[in-house]
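Take any residue in the sequence shown, note its place counting from 1, add 5, and you have its number in our numbering.
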Amino acid sequence: MTVAQGTTNHQVRLAARPTGLPKPSDWQFTEEALAEPGAGEFLVKTLMLSLDPAMRGWMNEGKSYIAPVGLGEVMRAGGIGKVIASQHPDFPVGTIVNGGLGVQEYLLVGRDNFKTVGPQRVDLNLAPAQKWLNPLGMPGMTAYFGLLDVGLPKPGETVVVSGAAGAVGQTVGQIAKIKGCRVVGIAGGAAKCEFVVRELGFDACIDYKHQPLKDGLKEHCPKGVDIYFDNVGGEILDTVLTRITRGARIIICGAISQYNNTTAIKGPSNYLSLLVNRARMEGIVVFDNAARFPEAIGAIAAWMKEGRFVSREDIVDGLAEFPDALLKLFNGENFGKLILRVAEG
Ligand SMILES: NC(=O)c1ccc[n+]([C@@H]2O[C@H](COP(=O)([O-])OP(=O)(O)OC[C@H]3O[C@@H](n4cnc5c(N)ncnc54)[C@H](OP(=O)(O)O)[C@@H]3O)[C@@H](O)[C@H]2O)c1
Numbered sequence: 006m007t008v009a010q011g012t013t014n015h016q017v018r019l020a021a022r023p024t025g026l027p028k029p030s031d032w033q034f035t036e037e038a039l040a041e042p043g044a045g046e047f048l049v050k051t052l053m054l055s056l057d058p059a060m061r062g063w064m065n066e067g068k069s070y071i072a073p074v075g076l077g078e079v080m081r082a083g084g085i086g087k088v089i090a091s092q093h094p095d096f097p098v099g100t101i102v103n104g105g106l107g108v109q110e111y112l113l114v115g116r117d118n119f120k121t122v123g124p125q126r127v128d129l130n131l132a133p134a135q136k137w138l139n140p141l142g143m144p145g146m147t148a149y150f151g152l153l154d155v156g157l158p159k160p161g162e163t164v165v166v167s168g169a170a171g172a173v174g175q176t177v178g179q180i181a182k183i184k185g186c187r188v189v190g191i192a193g194g195a196a197k198c199e200f201v202v203r204e205l206g207f208d209a210c211i212d213y214k215h216q217p218l219k220d221g222l223k224e225h226c227p228k229g230v231d232i233y234f235d236n237v238g239g240e241i242l243d244t245v246l247t248r249i250t251r252g253a254r255i256i257i258c259g260a261i262s263q264y265n266n267t268t269a270i271k272g273p274s275n276y277l278s279l280l281v282n283r284a285r286m287e288g289i290v291v292f293d294n295a296a297r298f299p300e301a302i303g304a305i306a307a308w309m310k311e312g313r314f315v316s317r318e319d320i321v322d323g324l325a326e327f328p329d330a331l332l333k334l335f336n337g338e339n340f341g342k343l344i345l346r347v348a349e350g
């Protein structure tokens, strides 16, 4: 009996392009029989999937930094999996990989899809699987290169980061602290703000749901904002623009407040603050730095080992939970990097 024989692969496919927040009917649950790996192929069992705000963008038609997911296709997702059958010399049985596994239980990797899956070997001795989807994975890489290469932080500068308790935000703030900056987070709710200050070590956190952001920025950034790492866009970006310093750097990482809009995206009306302050705003896409990921993984893993860096994940169990779990990102229910556990390792 081979591994694949009699095994069913359960999958979640994109059934319709959503208007506003994704609805259950935008997804289709399917199943298909597994194929045994042929020459040069290997079969990966999904352990954990990364649930990302970007997934909402991939569901839309139209031009972006990456092609949309086609209707009827398995939903795109990065994840950690284990090789359970193999005819590939570099990926023997037992290898743990990080790659574009999709929202499904198994993936056969071969010549046709090797490049799109982009499997990378993962060392679970360095850190457990969930950390490879957070600080040592895509969110961590986004934070590291966005802050250091575009933000160019200098000791003593004030760095503000929105989505501060989330995947990217928690890493941005901790790296900024390591670089000697004063760091102020923006997050929704007292529990998240307490975590950001007490456990992540930020200097302050503004609970934008319970205090006008403008007041919080005045109180916690008395000298203004030298670097703003923007994860949310919308009104928060517009308000921070009123407090930037001369030569400020604004990193446009994401705009989650706008992803489910049914009307046009709201851009900043205070953009002339860039002119007055000789400031700049620059967009980033994490994959542009793929060749340098080992550098960032090495640095963050070393900080973790030294006890200077912590991270939090929010793990939901079961492939069937995918549609509801994804929504947690858009209502702020996730507390830390949102992960879907599909199977035990
Ligand atoms: N450019 C890139 O290459 C790249 C790569 C990775 C991620 N990103 C972007 O980075 C951002 C953060 O991603 P992540 O994975 O770290 O997500 P996350 O912060 O772990 O989760 C999303 C958080 O966004 C906040 N949020 C949701 N709706 C909001 C709204 N209307 N206004 C303000 N805040 C809102 C919520 O936090 P609160 O409870 O605090 O409101 C929620 O927990 C996203 O915009 C994502 O698209 C970009």
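Each residue gets a CB set at the ideal place from its N, CA and C atoms; glycine is no exception.
Determine the direct distance from the alpha carbon of residue j to that of residue i, and round the result to whole angstroms.
i: ARG297; j: THR267; result: 37 Å
i: GLY190; j: ASP329; result: 27 Å
i: TRP63; j: GLU300; result: 28 Å
i: LEU129; j: ASP95; result: 17 Å
i: GLY75; j: THR24; result: 16 Å
i: VAL108; j: ILE232; result: 36 Å
i: SER69; j: ASP117; result: 23 Å
i: THR7; j: GLY105; result: 25 Å
i: GLU349; j: LYS159; result: 43 Å
i: ALA148; j: VAL321; result: 23 Å
i: LEU345; j: LEU324; result: 7 Å
i: ILE305; j: GLU311; result: 10 Å
i: GLY67; j: VAL164; result: 34 Å
i: GLY238; j: GLY11; result: 48 Å
i: LEU222; j: LEU152; result: 20 Å
i: SER316; j: PRO140; result: 7 Å
Just to confirm my understanding: we take residue i, look at its own chain, exclude 5 residues before and 5 after, and list those with CB closer than 7 Å. What are they?
i: VAL202; result: ALA209 and CYS210
i: TYR111; result: ASN14, LEU39, LEU48, VAL49, LYS50 and THR51
i: ALA44; result: GLN92
i: MET146; result: VAL291, ASN294, PHE298 and ALA301
i: LYS333; result: ASN339 and LEU343
i: PRO42; result: LEU48, ALA90, SER91, GLN92 and LEU113
i: ASN65; result: ARG22 and PRO73
Which same chain residues end up closer than 8 Å to residue i when comparing Cβ atoms and leaving out the 5 residues on each side of it in sequence?
i: MET143; result: SER55, ASP57, GLY83 and VAL291
i: SER278; result: LEU246, THR247, ILE249 and ALA284
Could you name the residues of the same chain whose beta carbon sits closer than 6 Å to that of residue i, not counting the 5 residues immediately before and after it, in chain order?
i: ALA284; result: ILE249 and ALA253
i: TRP137; result: ILE85, ASN103 and VAL127
i: ASN314; result: It is worth fixing the name first, because residue 314 is Phe in this sequence and not Asn. Answer for PHE314: GLN179 and TRP308, listed in chain order.
i: LEU242; result: ASP235 and PRO273
i: GLU37; result: ASN14
i: GLN33; result: ARG18 and ALA20
Reducing DSSP to helix, strand and coil, say where residue i ends up.
i: ILE255; result: strand
i: ASP293; result: helix
i: ASN336; result: helix
i: GLN216; result: coil
i: ARG81; result: coil
i: LEU225; result: The sequence given here has His at residue 225, not Leu. Correct three-state label for HIS225: helix.
i: ASP243; result: helix
i: MET309; result: helix
i: LEU280; result: helix
i: LEU138; result: helix
i: ALA38; result: strand
i: GLU300; result: helix
i: CYS186; result: coil
i: CYS347; result: What sits at residue 347 in the sequence shown is Val, not Cys. VAL347 falls in the coil class under three-state DSSP.
i: TYR264; result: coil
i: TYR70; result: coil
i: LEU76; result: coil
i: LEU54; result: strand
i: SER167; result: strand
Does any heavy atom of ligand 1 sit closer than 7 Å to the C-beta of residue i?
i: PHE335; result: yes
i: LYS219; result: no
i: CYS210; result: no
i: TRP120; result: Reading off the sequence, residue 120 comes out as Lys, not Trp. No - ligand 1 has no heavy atom lying nearer than 7 Å to the Cβ of LYS120.
i: ASN65; result: no
i: SER316; result: no
i: PRO27; result: no
i: CYS226; result: no
i: GLY145; result: no
i: VAL5; result: The first residue shown for the chain is 6 and the last is 350, placing residue 5 beyond what the model contains.
i: VAL177; result: no
i: LEU343; result: yes
i: ILE183; result: no
i: VAL173; result: yes
i: LYS136; result: no
i: ILE255; result: no
i: ASN339; result: yes
i: GLY104; result: no
i: ASP243; result: no
i: VAL49; result: no
i: ASN236; result: yes
i: ASP57; result: yes
Could you tell me whether the Cβ of residue i comes closer than 8 Å to any Cβ of chain C?
i: GLU224; result: No chain C is present in this structure, which holds just one protein chain.
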